[in-house]
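If you count by full-length UniProt numbering, then the sequence shown holds residues 1 to 383, one letter each, in order. Every residue, glycine too, gets a C-beta built ideally from N, C-alpha and C.
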Amino acid sequence: MIGHIEHGSNFGGLFRYLLATDKGARIIGGNAAGDTIEQLTQEFNNCADQRRTTTKPVKHFILSFAPEDGEVEDDLKQEIATQAIQRLGYVDNQYVVIEHQRQDPGHDWNHDHDHIHIAVNMITLEGQRVDDWQDKRRFEAIIRELELEHQLTQVAPSRQRKQKALTHGQVQKYKRQLKDYQTGKQPQPPDIPISIKLQAAIDAVTRDKPTMTLFIGRLQHLGIDVKPIITATGRKRISYHIEGAKPFRGSKLHNGSFPKLISQRGVNCDPQRDRKAMEYAVNHQQVTLPPEQLINWSEINLSLYLPKELDTEPLGKEKQNKNKFSLNYDTKSLLTNQPIRTLINDKSTEDLTHEENEVRKEPLLKIHQIQESSDNKEKALIN
1 MIGHIEHGSN FGGLFRYLLA TDKGARIIGG NAAGDTIEQL TQEFNNCADQ
51 RRTTTKPVKH FILSFAPEDG EVEDDLKQEI ATQAIQRLGY VDNQYVVIEH
101 QRQDPGHDWN HDHDHIHIAV NMITLEGQRV DDWQDKRRFE AIIRELELEH
151 QLTQVAPSRQ RKQKALTHGQ VQKYKRQLKD YQTGKQPQPP DIPISIKLQA
201 AIDAVTRDKP TMTLFIGRLQ HLGIDVKPII TATGRKRISY HIEGAKPFRG
251 SKLHNGSFPK LISQRGVNCD PQRDRKAMEY AVNHQQVTLP PEQLINWSEI
301 NLSLYLPKEL DTEPLGKEKQ NKNKFSLNYD TKSLLTNQPI RTLINDKSTE
351 DLTHEENEVR KEPLLKIHQI QESSDNKEKA LIN
């Protein structure tokens with residue numbers, strides 16, 4: 001799942017957006033008595049008025065499920081929403097869980113994943129304000145917990161979606177191949193750079209802080225040859241190799257070196273316990289693991305790892321083909337349920353109401369229209 005948080009001062013503006021008729025909105029959970037825009041606005045304002053010193057009592061949480069999760073049942077959505085906000089400290093607070101349909105006319109394409117909105121009153125029923133210090137960081141950690149608890153597709157945390165920069169040559173090669181694919185000169189999209197595949201794989205297999213044996217076995221299952229070595233002097237080294245490509249030293253990947261796997265990713269390495277697996281890996285032998293402990297490529301969303309140099313080229317209709325990996329201007333729309341053109345919620349927008357944020361986005365909508373009207377203008381705007 002991907003989570004996003006907004007806050008503001010206008011419950012009316014938020015509920016008008018969440019319950020807009022063209023969004024196919026449905027209230028699927030919560031503890032509020034009302035079910036209309038007017039009723040909910042009045043109800044939440046009455047509670048917030050107990051603490052008038054809090055000028056921004058509105059919390060708006062967005063939870064986007066991974067496309068691989070399919071159509072998620074309402075009961076599970078409601079349960080996850082309730083657990084998420086309660087673990088953030090909103091235990092004695094008003095909240096409403098609202099689902100929006102995938103076919104949303106407010107966006108440029110239909111969503112390929114379910115998503116829900118949670119409107120929360122920061123003021124408790126007793127008139128106290130819930131401390132929201134570092135709520136974005138805590139929200140992401142809670143989402144990772146809920147993914148595991150409910151056996152949902154695990155998404156790499158934003159702090160892990162880092163990578164060593166691609167070289168200029170790699171970027172240019174990819175763009176050339178992408179252009180050839182767009183113009184029909186080559187039948188398939190360009191391959192994802194090996195460094196991105198390795199980075200994504202390492203993130204995925206270390207998410208639960210595994211043993212070194214698990215780490216090795218999971219990477220081998222993904223077709224990655226890993227060689228962890230501890231020298232006689234105690235020096236630790238590791239390399240990664242995918243068939244058909246040159247090997248990568250661990251130091252060339254974000255937190256991919258042997259020491260960083262242990263200190264930053266929490267991989268548990270016991271030389272005695274993991275000795276056999278490490279010897280197997282060095283000698284190209286397979287480490288056997290129970291199926292339930294393995295990670296598959298289908299569980300890893302490579303699009304989240306694209307550097308900016310490679311996610312600005314549109315592929316038009318090709319983006320609708322789920323069996324092909326394509327790069328387009330909306331590649332990262334899953335991050336906030338919004339097209340990439342609306343991802344402007346920097347710190348300066350966090351204190352705006354929802355309506356004010358929508359007004360602020362209007363210039364980008366015009367840019368998007370220009371992009372669609374002319375390929376040349378599109379390239380000029382991007383570059």
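Counting along the chain, the unbroken alpha helix (DSSP H) around P259 starts and ends at 258–263.
The shortest CA-to-CA distance from P291 to any of G13, M278, L222 is the one to L222.
Counting only unbroken stretches of 4 or more residues, the alpha helix (DSSP H) elements lying wholly within the UniProt domain "MobA/VirD2-like nuclease" (17–152) are 37–48, 74–87, 135–149, in sequence order. Pairwise C-beta distances place the region 200–219 in contact with the region 254–274, as three or more of them are shorter than 8 Å. In this structure, M122 sits away from P190, with a CB-CB distance that is not shorter than 7 Å. With fewer than 16 other Cβ atoms inside 10 Å of its own Cβ, E73 counts as exposed. Listed in chain order, the beta strand (DSSP E) runs fully inside the region 233–301 are 236–242, counting runs of at least 3 residues. In this structure, the beta-carbon distance from Y305 to I143 does not fall below 7 Å. The beta carbon of D92 sits closer than 6 Å to the beta carbons of T124, L125 from its chain, once the five residues preceding and following it are set aside; these are given in chain order. The beta carbon of N31 sits closer than 7 Å to those of Q94, Y95, all from its chain and outside the five residues before and after it, given in chain order. Of the residues assessed, G217 falls on the buried side of the cut-off, its CB having 16 or more other CB atoms within 10 angstroms.
Counting only the Cα atoms, I2 lies some 7 Å from V155.
By the Cβ neighbour-count rule, H4 is buried, with 16 or more other Cβ atoms within 10 Å of its own. Under the DSSP assignment, G217 falls outside any beta strand (DSSP E), being part of the alpha helix (DSSP H) whose first and last residues are 212–221.
Annotation for L148: Q154, D208 place their beta carbon closer than 8 Å to its own, counting only its chain and skipping 5 residues before and after. Looking only at G34, R16, A281, the smallest Cα-Cα distance to I229 is reached by A281. The alpha-carbon separation between A84 and G29 amounts to approximately 13 Å. Collapsing the DSSP output to three states places G184 in coil. For R52, the closest of R129, L14, E6 by C-alpha to C-alpha distance is R129.
Contact annotation: the region 250–259 does not touch the region 168–186, with fewer than three C-beta pairs closer than 8 Å.
According to the DSSP assignment, I229 belongs to the beta strand (DSSP E) that extends over 224–230. Here L63 has M1, G3, I116 as same chain residues with Cβ atoms under 6 Å from its own Cβ, once five neighbours each way along the sequence are excluded.
Burial state of T231 is exposed, judged by a 10 Å Cβ sphere holding fewer than 16 other Cβ atoms. For the pair L18 and K227, the Cα-to-Cα distance works out to about 51 Å. When the alpha-carbon of I194 is set against those of H150, E243, D180, the nearest one is in E243. For S9 and Y90, the gap between their C-alpha atoms comes out near 17 Å.
Counting of Cβ neighbours within 10 angstroms places H7 among the buried residues, the total reaching 16 or more.
Cβ neighbours of I300 within its own chain (closer than 6 Å, five residues either side excluded): A200, A204.
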